[in-house]
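Mapping of the sequence shown onto full-length UniProt numbering: residues 1 to 50, in sequence order.
All C-beta atoms in this analysis are idealised placements derived from N, C-alpha and C, irrespective of residue type, glycine included.
Worksheet: one structure, shown below.
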Amino acid sequence: MAQTQFISSRSEDVDPRPLTNQSVPAKSLFAYAVFSIAFAFTAAMVFGVI
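As structure tokens, then:
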């Protein structure tokens, strides 16, 4: 639930204004990296099983 809220809030945040390193806190980048790694790992498991 927290991840979907994070994704939806980030998509609303990113669209109106340009994304720069100064405007993005390190915590958001770390959370995005963890989420993308977890998603890639899950996709690899699913495709490996299928």
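Discussion item. Please report the distance separating the alpha-carbon of G48 from that of S36.
Written reply: As a working mapping, residue 48 is identified with position 48 in the sequence shown. As a working mapping, residue 36 is identified with position 36 in the sequence shown. Their backbone Cα atoms lie some 18 Å apart in a straight line.
Practice prompt. Could you tell me the distance, in whole angstroms, from the CA atom of F39 to the CA atom of A26?
Written response: Walking along the sequence shown from the start, residue 39 turns up at place 39. Walking along the sequence shown from the start, residue 26 turns up at place 26. C-alpha separation (whole angstroms): 20 Å.
Worksheet item: Cα separation between A43 and S28?
Response: Locating residue 43 in the sequence shown gives position 43, counting from the first residue. Locating residue 28 in the sequence shown gives position 28, counting from the first residue. Those two C-alpha atoms are separated by around 22 Å.
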